[in-house]
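Below: one structure, written as structure tokens.
There are 2 protein chains.
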Amino acid sequence: MRLITGLSNPTIKYLRSLRDKKHRRREGRFLAEGLRLLTDARETGHLPDMLVMAEGRDPHPLLDTLIEAVEAANGDVIEVSEAALSKITGKDNPQAVCGVFAEFDTGLDRIDRSSAPLFLVAQAMRDPGNLGTMLRTADAVGAGGLILVDDCADPFSVEAVRASMGAVFTVPLAQARWDEFQGWLRSGEGQLVAASLREPHDYREAPYVAPCFVMVGNESRGLPEEYEVECDLRVTIPMLGRADSLNASIAGAVLAYEALAKLR
Amino acid sequence: MRLITGLSNPTIKYLRSLRDKKHRRREGRFLAEGLRLLTDARETGHLPDMLVMAEGRDPHPLLDTLIEAVEAANGDVIEVSEAALSKITGKDNPQAVCGVFAEFDTGLDRIDRSSAPLFLVAQAMRDPGNLGTMLRTADAVGAGGLILVDDCADPFSVEAVRASMGAVFTVPLAQARWDEFQGWLRSGEGQLVAASLREPHDYREAPYVAPCFVMVGNESRGLPEEYEVECDLRVTIPMLGRADSLNASIAGAVLAYEALAKLR
Numbered sequence: 432m433r434l435i436t437g438l439s440n441p442t443i444k445y446l447r448s449l450r451d452k453k454h455r456r457r458e459g460r461f462l463a464e465g466l467r468l469l470t471d472a473r474e475t476g477h478l479p480d481m482l483v484m485a486e487g488r489d490p491h492p493l494l495d496t497l498i499e500a501v502e503a504a505n506g507d508v509i510e511v512s513e514a515a516l517s518k519i520t521g522k523d524n525p526q527a528v529c530g531v532f533a534e535f536d537t538g539l540d541r542i543d544r545s546s547a548p549l550f551l552v553a554q555a556m557r558d559p560g561n562l563g564t565m566l567r568t569a570d571a572v573g574a575g576g577l578i579l580v581d582d583c584a585d586p587f588s589v590e591a592v593r594a595s596m597g598a599v600f601t602v603p604l605a606q607a608r609w610d611e612f613q614g615w616l617r618s619g620e621g622q623l624v625a626a627s628l629r630e631p632h633d634y635r636e637a638p639y640v641a642p643c644f645v646m647v648g649n650e651s652r653g654l655p656e657e658y659e660v661e662c663d664l665r666v667t668i669p670m671l672g673r674a675d676s677l678n679a680s681i682a683g684a685v686l687a688y689e690a691l692a693k694l695r
Numbered sequence: 432m433r434l435i436t437g438l439s440n441p442t443i444k445y446l447r448s449l450r451d452k453k454h455r456r457r458e459g460r461f462l463a464e465g466l467r468l469l470t471d472a473r474e475t476g477h478l479p480d481m482l483v484m485a486e487g488r489d490p491h492p493l494l495d496t497l498i499e500a501v502e503a504a505n506g507d508v509i510e511v512s513e514a515a516l517s518k519i520t521g522k523d524n525p526q527a528v529c530g531v532f533a534e535f536d537t538g539l540d541r542i543d544r545s546s547a548p549l550f551l552v553a554q555a556m557r558d559p560g561n562l563g564t565m566l567r568t569a570d571a572v573g574a575g576g577l578i579l580v581d582d583c584a585d586p587f588s589v590e591a592v593r594a595s596m597g598a599v600f601t602v603p604l605a606q607a608r609w610d611e612f613q614g615w616l617r618s619g620e621g622q623l624v625a626a627s628l629r630e631p632h633d634y635r636e637a638p639y640v641a642p643c644f645v646m647v648g649n650e651s652r653g654l655p656e657e658y659e660v661e662c663d664l665r666v667t668i669p670m671l672g673r674a675d676s677l678n679a680s681i682a683g684a685v686l687a688y689e690a691l692a693k694l695r
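Residue numbers (the numbering used here), protein chains in the order written: chain Z, 432 to 695; chain B, 432 to 695.
Shown next, in the form of structure tokens:
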């Protein structure tokens with residue numbers, strides 16, 4: 432373990448730069464925060480290259496386990512001031528530990544359509560909180576993966592990793608353009624389902640079939656019409672109020688839990 | 432209409448101060464952004480005291496309607512620079528218009544338990560985005576209201592109003608301490624339902640009864656045990672992955688849509 436003092440140290444600058452997508456891409460690294468999340472990562476075989484904790488933190492046996500594991504794997508274990516940790520994580524009240532992880536491969540070959548009855552698909556989802564929440568929901572419904580289609584928020588952003596509550600480490604994740612996803616999907620079995628107002632089935636009565644790919648679109652614009660017509664099943668969720676749409680991650684969860692109940 | 436130039440003008444400072452809860456409370460005013468949201472507000476009988484728009488905005492007939500309505504009600508219509516509007520809303524890319532509204536009364540007498548089969552309850556929900564999303568979901572399921580119990584995020588914060596997508600104007604909203612809510616709830620009909628691991632029913636098979644109050648707890652801690660035991664019905668949502676919880680607003684939506692399907 433080594434101690435780094437001062438806010439302008441190159442390591443602190445490197446860590447802080449990982450809050451920025453451009454730097455994450457260049458380094459192939461991302462940040463995850465919090466003892467619980469880092470413990471989940473460790474238990475699923477993901478150790479950080481670098482483990483960073485605040486001086487004056489409370490001792491914790493799980494943190495000791497984590498330190499031992501990172502040191503045994505020749506990782507870097509670093510103590511910094513609370514101010515430096517705040518600067519790294521961008522939070523006023525930083526969780527007392529964060530780690531730097533190698534980004535995963537997110538090719539479509541990460542997804543095994545025989546591994547689960549249900550998969551989630553997000554198209555042009557721009558909010559990292561929504562994207563992380565989709566990952567968390569994907570874990571909860573036992574989905575075989577989350578596929579990010581077109582220009583989505585970065586799943587390795589601090590906000591997405593935080594909202595995923597560790598699911599970024601446990602849920603297979605793929606990124607693809609629509610054409611690429613379509614080619615992959617149609618090369619095997621798979622029912623593509625989306626919420627729609629176009630000849631829709633009531634989502635409670637619809638004929639879901641495994642492997643079922645539940646897709647939601649962009650937060651403002653929804654799915655493009657030409658994507659919607661490519662779906663095998665279009666369903667409608669009741670909207671009894673003034674608004675005509677749900678939050679995208681809410682719509683995804685309501686559909687995913689309905690499909691799960693029918694497919695289990 | 433009047434034009435305000437410069438970032439240090441007192442009106443700009445006043446508007447910016449409304450991003451802060453303390454100032455909102457003192458002034459009894461809150462900010463809402465975006466032409467669509469302000470149009471929804473107008474159509475449901477809520478006009479801003481003050482309407483603020485960027486110079487150099489694109490013209491829009493709905494904006495003209497809004498300006499006429501605010502001026503007819505002796506409201507203040509103001510043009511500012513794009514930089515000033517960014518400063519007010521805290522967004523880099525501000526929507527071209529925002530309004531200042533009087534905060535509503537949020538007493539429990541705002542809730543009419545005979546008005547709908549379903550109501551949502553959030554306990555100690557700290558994230559304004561989750562809270563706004565709960566409002567949006569409450570609108571979608573036709574809930575008779577959202578009741579905020581104990582120390583929740585401010586429903587009049589810019590983030591909550593934004594996430595509500597206008598539902599802050601359409602869904603009856605109440606704020607109460609737990610004891611006060613309990614007293615009110617037990618003075619009439621009402622089934623209190625929460626997700627729980629304590630003698631739970633499967634949420635798909637549970638006996639929901641109108642008026643049904645679906646409650647979710649704090650994002651990190653869930654519901655206090657002593658609140659859970661006061662519930663009339665405890666249900667379980669399948670969790671097939673590593674995690675043992677969903678995002679609070681997701682859990683609320685999954686339960687609310689299930690209860691709605693059974694109670695419609």
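We treat Cβ as the ideally placed atom computed from N, Cα and C, and that holds for glycine. Quick caveat, the model's predicted, so the values are computed rather than measured.
Non-local C-beta neighbours of Gln613 of chain B in its own chain, meaning closer than 8 Å and more than five positions away in sequence, comprise Glu661, ordered along the chain. Assignment of beta-bridge partners to Asn649 of chain B by DSSP yields B:Gly653. Contact annotation: Leu478 of chain Z and Ala514 of chain Z have beta-carbon atoms that are not nearer than 7 Å.
Residue pairing for His632 of chain B: DSSP places it in a beta bridge opposite B:Val666. Leu449 of chain B: not part of any beta strand (DSSP E); DSSP gives it neither H nor E. For Tyr688 of chain Z, the closest Cβ of chain B is nearer than 7 Å.
The C-beta of Ile498 of chain Z comes no closer than 7 Å to any C-beta of chain B. Interface annotation, Asn440 of chain B: not in contact with chain Z, CB-CB separation never under 7 Å.
Taking the Cα positions, Met646 of chain B is about 26 Å away from Arg467 of chain Z. If you ignore the 5 residues before and after Glu620 of chain Z, its C-beta comes within less than 7 Å of the C-beta of Arg544, Pro642, all in its own chain and listed in chain order. Contact note: Met670 of chain B reaches chain Z through Ala571, using a C-beta cutoff of 7 Å and chain order. Apart from the 5 residues on each side of it in sequence, His454 of chain Z sits with its Cβ closer than 8 Å to the Cβ of Ser448 in its chain, given in chain order. The C-beta of Ala553 of chain Z comes no closer than 7 Å to any C-beta of chain B. Using a 10 angstroms sphere on the CB of Ser439 of chain Z, the tally of other CB atoms stays under 16, which defines it as exposed. Using a Cβ distance threshold of 7 Å, Asp570 of chain B and Ala674 of chain Z count as a contacting pair. Residue pairing by DSSP puts Ala605 of chain B in a beta bridge opposite B:Ile578. The C-beta of Arg593 of chain Z has 16 or more other C-beta atoms within 10 Å across all chains shown, which makes the residue buried. Contact between Ala605 of chain B and Gly538 of chain B holds, since their C-beta atoms are separated by about 6 Å, short of 8 Å.
For the segment 618-642 of chain B, residues whose beta-carbon sits nearer than 7 Å to a beta-carbon of chain Z comprise Arg635. In the three-state reduction of the DSSP assignment, Glu510 of chain Z falls in the strand class. Taking 7 Å as the cut-off, the beta carbon of Leu493 of chain B is found closer than this to the beta carbon of Thr470 of chain B. When C-alpha distances from Asp480 of chain B are compared across B:Glu486, B:Leu497, B:Arg629, B:Gln622, the shortest belongs to B:Leu497. Ala626 of chain B sits away from Ile578 of chain B, with the two beta carbons spaced by 7 Å or more.
When rounded, the separation of the alpha-carbon atoms in Arg488 of chain B and Glu464 of chain B is 14 Å. Listed along chain B, the residues sitting closer than 7 Å to Asn678 of chain Z by beta-carbon distance are Thr564, Arg567. Secondary-structure assignment with DSSP links Cys643 of chain B through a beta bridge to B:Leu549, B:Gln622. Counted as a single uninterrupted DSSP element, the stretch harbouring Leu671 of chain Z is not any alpha helix (DSSP H), since DSSP gives it neither H nor E. In the three-state scheme derived from DSSP, where H, G and I count as helix and E and B as strand, Arg695 of chain B is classed as coil. Listed by position along chain B, the residues whose Cβ is nearer than 9 Å to that of Thr601 of chain Z are Gly672, Arg673, Ala674.
With 16 or more neighbouring CB atoms inside 10 Å of its own CB, Thr520 of chain Z falls in the buried class. Straight through space, the alpha carbons of Phe600 of chain B and Glu499 of chain B are spaced by roughly 20 Å. Residues of chain B whose Cβ lies closer than 7 Å to the Cβ of Leu446 of chain Z do not exist; the shortest such Cβ separation is about 24 Å. Considering only Z:Glu656, Z:Met565, Z:Arg695, Z:Leu434, the residue with the shortest C-alpha distance to Ser512 of chain Z is Z:Leu434. In this structure, the alpha-carbon of Val580 of chain Z lies about 11 Å from that of Leu654 of chain Z.
Residue range 481-485 is occupied by the beta strand (DSSP E) that includes Met481 of chain B, with no alpha helix (DSSP H) assigned at that position.
Boundaries of the beta strand (DSSP E) harbouring Val528 of chain B: 528-533, taken from the DSSP string.
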